[in-house]
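What follows is one structure encoded as structure tokens, with my remarks underneath.
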Amino acid sequence: MSELNRRDFVKLCAITSMGLVIGIPVPGRAEVTEKELHPLIRINSGGQIIIYAQNPDMGQGVKTALPMIIAEELDVDWASVKVEQARWDPRLQNQFSGGSLSVRLNYNTMRQAGASARAMLLAAAADQLNRPIQELETQRGYVVDPSGNRRLSYGELAEAAGALPVPDAPDLKNVKDFRLIGTSVADVDLDAINSGRQHYSLDLKLPDMLYAVVRRCPHGDGQPVSFDASDARTITGVVDFHVLRNTDHGGRIILPNCPNFVSGVAVLATSTWAAMQGAEKLKVEWQMPDSRDDSDELMHRFEQALDAEAEIVRQDGDAAFGDLENSIDLNYRLPFLAHMPMEPMNCTAHVSGNRAEVWAPTQNPPMAAEAVAKVLEIPQENITINVMRAGGAFGRRYYADFITDTVLLSRQFGRPVKTVWSREDDVRHGYFRPASVQRVRAATSAGKISHWHQKVVSHPRQVYLERDGSPAEIGNYEFPAGFVPNLLFDYVSVPARVPLGQWRGTEHSSNVFVVSSAIDELAHKAGIDPVTFWLNLVGDEQFVQVREDFRFDASRLGHVIKVAAKRARWGTPLPSGKGRGISVSYNQGIWVAEIAEVTVADDRLKVDRITCAIDCGLVVNPQGAVNQVEGGIVDGLAAALYGKITVRDGIVQESNFHDYQFCRIDDIPDIDVHFVDSDDSPRGLGEGPLAPVAPAVTNAIFAATGKRVRELPIQL
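See below:
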């Protein structure tokens, strides 16, 4: 057996670490070549199948689910597949993770990718075997000629297949013939994560790399005027400093969708620790914003605006509610929320001339490439975005601010730079879920809702609008639109400076709390069991015409309600101090019903159990889907119990896990997840299970104690 000399070993390791090996000779071994059959599919001559995960994985499992879809249509054994994360590739569409859309938008595209590659392999085999293509078939990585008992491996065919044109409309499998989709598969990175071998962006080291920490204005969007670095320079390892501004020379925001972008003074050092210590000792004079928010004062302004003239978002039937029997008139308060992923924001970049290479745990590689091109003023084709697995995100990594400051620093110093945010910076300088105050006036007649008026007052995410142009805080379609004959949605915008952005079910997480809470109150006011009231509201018709271009499958919503009620043993007696509550949701194309069972004793709350029934279409990977739902429920419970961002004089008061708490192990209830069988294509799953948690719990508190909770986080 030949041994590798040092030069060959270093060369091989350097190239393979980049994730793409094409024709690398290994001394003493037969040459192995790779051929691209699709931007996401490579097959080498040794039979290795490499499938690239198109979308970023932040814990939601798409690095496993998307390649599973390709492997199904390609007809290969999953055990023979090597999964790699794709870089940003302008040839790919929808290469982002957000809005629970990764699988939903790309399901058919992934199927077509696998089917196209399979068709190319069949065509190559037909040529080599001199057989009609329709008489050949594939069997788990081979093309087989049943009549002659001959077969060729994909590895043998890859070179020839890769030279063929890609078919426009390949034949797809019948769903009934799926062997892989619908089976449980462990996350492809599970062993590495469990053993601590998983590489995240924070683990990356490049030769001659500097580490950067940016000292930001505590008042959010304040600008640095000057700084004194004399004390910071005493820290061993501190190298230099650089001012970063979020405006150009004309005072205009450089990236309008990132209002917090790169404002501060960067400390460059030979280690992250030295950069952090230097940043602490840096003395900066700030130009403060003219106005600085206070969250309590802002909530007071929201409440006052409930009586202000509002923008009508949707109106059905009679808007003159007047005095109605069996009516409610209630206000609900929702706080600002932070993201708090376990891995803080970080990025590594190397800018050389008019080229840039970035390593980042980004949710949105296309936006990252666009932002880098804009701030460096270079073409996007000169930019490489290496997508790293993210240690959580929840919407925070959708933006590019933690990337753009890094590339600017790398260009300034002519060396690779890794920028690392402290946990405190991550909390205080993020983009928060909007706070809101909402008012619901509603009434029932004959056991159903006859009138519904929902007014939302909020500081809006102005750059994110519904497709119909209405404010994102309450869309033209929000449940119960379409189910109530007399309905009014309206909205009041109250300007503020708190930066807002994506969150896990951004506005939906607020609106479901309001809607499910108010419907529960209506049910009790009418003396009707809440599950029965929900089923009465949904009705017996399969479809409800919600808009001219959209009809709602009410039967699927009714079904998940019935499944959840049965699994949770709704209606069976509970001891004193215990209660059950139900919440129902439709979001990102999925139907969810959740029932919480709680115990309240001595004004202490214990959430004992949450039962979730969910219809999300075809489930690609049941094990990964259960993980998604359980994670969403725990995230929703943490927000319900503890989540709140407080702003004083423009400064976010919370800073770390001690004062922005997540669920501890003794907070976690039993979670019972049930997927409804469906022949529909896969729907979004990351956000839907989160929103119903809070109202299910607060409705259960009412069932246990008779006390209503109309403000989050929960206070008994």
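If you count the sequence shown from 1, position 499 lands on 535 in my numbering, and the numbers rise without skipping. Here a beta-carbon is modelled for each residue, glycine too, at the ideal position from N, C-alpha and C. In this text the structure is predicted, and so the values were computed from the model without any measurement.
Residue closest to residue i, alpha-carbon to alpha-carbon, out of the options
i           : options            : result
residue 337 : 641, 724, 694, 531 : 531
residue 529 : 478, 548, 520, 473 : 473
residue 246 : 595, 671, 174, 277 : 277
residue 412 : 423, 570, 394      : 394
residue 249 : 176, 462, 716, 82  : 462
residue 733 : 691, 661, 634, 717 : 634
residue 550 : 114, 234, 195, 365 : 365
residue 743 : 300, 636, 543, 333 : 636
residue 644 : 666, 632, 433, 664 : 632
residue 526 : 582, 347, 458      : 347
residue 581 : 310, 384, 352      : 352
residue 335 : 415, 466, 448, 493 : 493
residue 192 : 161, 222, 215, 218 : 161
residue 212 : 279, 108, 251      : 108
residue 735 : 102, 700, 565, 611 : 565
residue 466 : 447, 481, 484, 431 : 431
residue 405 : 443, 539, 233, 470 : 443
residue 216 : 613, 74, 110       : 110
residue 263 : 237, 318, 270, 471 : 318
residue 523 : 476, 322, 537      : 476
residue 429 : 316, 143, 539      : 539
Enclosing beta strand (DSSP E) for residue i [first to last residue]
i           : result
residue 261 : 259 to 264
residue 394 : 391 to 396
residue 711 : 706 to 711
residue 120 : 117 to 121
residue 246 : 246 to 252
residue 323 : 319 to 323
residue 484 : 484 to 494
residue 618 : 614 to 623
residue 231 : Element bounds for residue 231: not the beta strand (DSSP E) but the alpha helix (DSSP H), 226 to 231.
residue 304 : 300 to 305
residue 386 : 382 to 388
beta-carbon residue i near the ligand MG non-hydrogen atom, thresh 8 Å
i           : result
residue 707 : Within the structure as shown, the ligand MG is missing, as the structure has no ligands at all.
Rounded separation between residue i and residue j - CA only
i           : j           : result
residue 88  : residue 128 : 11 Å
residue 135 : residue 620 : 19 Å
residue 548 : residue 514 : 9 Å
residue 585 : residue 725 : 26 Å
residue 454 : residue 628 : 41 Å
residue 687 : residue 328 : 8 Å
residue 131 : residue 497 : 23 Å
residue 533 : residue 711 : 42 Å
residue 292 : residue 163 : No answer about residue 292 holds up, because its pLDDT of 45 lies below 50 and its placement is not dependable.
residue 506 : residue 587 : Residue confidence is low: residue 506 scores 45 on pLDDT, short of 50, so the model does not pin down where it sits. Its coordinate-derived value is still stated next. When rounded, the distance between both Cα atoms is 19 Å.
residue 698 : residue 80  : 46 Å
residue 92  : residue 397 : 8 Å
residue 516 : residue 599 : 21 Å
residue 479 : residue 280 : 55 Å
residue 185 : residue 663 : 43 Å
residue 689 : residue 198 : 57 Å
residue 552 : residue 98  : 30 Å
residue 118 : residue 307 : 34 Å
residue 124 : residue 90  : 8 Å
residue 680 : residue 545 : 14 Å
residue 343 : residue 357 : 15 Å
residue 613 : residue 672 : 23 Å
residue 235 : residue 100 : 17 Å
Contacting residues, own chain, Cβ-Cβ under 8 Å from residue i (five flanking each side not counted)
i           : result
residue 597 : 567, 570, 571, 574, 618, 620, 629, 649
Range covered by the alpha helix (DSSP H) that runs through residue i
i           : result
residue 560 : 544 to 561
residue 595 : 590 to 603
residue 348 : Taken as a continuous stretch (DSSP letters only), residue 348 belongs to no alpha helix (DSSP H), being part of the beta strand (DSSP E) at 347 to 352.
residue 425 : Segment: none, residue 425 is in no alpha helix (DSSP H) and carries neither H nor E.
residue 701 : Unbroken run through residue 701: none, as it is neither H nor E.
Chain C within 9 Å of residue i, Cβ atoms only
i           : result
residue 129 : Note that chain C does not occur in the displayed structure, where there is just one protein chain.
Residues near residue i in its chain [Cβ-Cβ closer than 7 Å; skip 5 each side]
i           : result
residue 158 : 169, 172, 174, 179
residue 666 : 707, 709
6 Å CB neighbourhood of residue i in its chain, flanking five on each side removed
i           : result
residue 418 : 390, 391
residue 669 : 646, 707, 725, 729
residue 286 : Its pLDDT being 44, under 50, residue 286 is placed unreliably in this model, and the value from its coordinates should be taken loosely. Answer for residue 286: no residue qualifies.
residue 83  : 189, 191
Taking only runs of the beta strand (DSSP E) that begin and end inside the segment 166 to 203, which ones reach a length of at least 3 residues, in chain order? 178 to 181, 186 to 189
Fully enclosed by the segment 69 to 109, which beta strand (DSSP E) runs are 3 residues long or longer? 70 to 74, 77 to 80, 85 to 89
Any chance you could list the beta strand (DSSP E) runs of at least 3 consecutive residues sitting entirely within the segment 629 to 697, in chain order? 640 to 651
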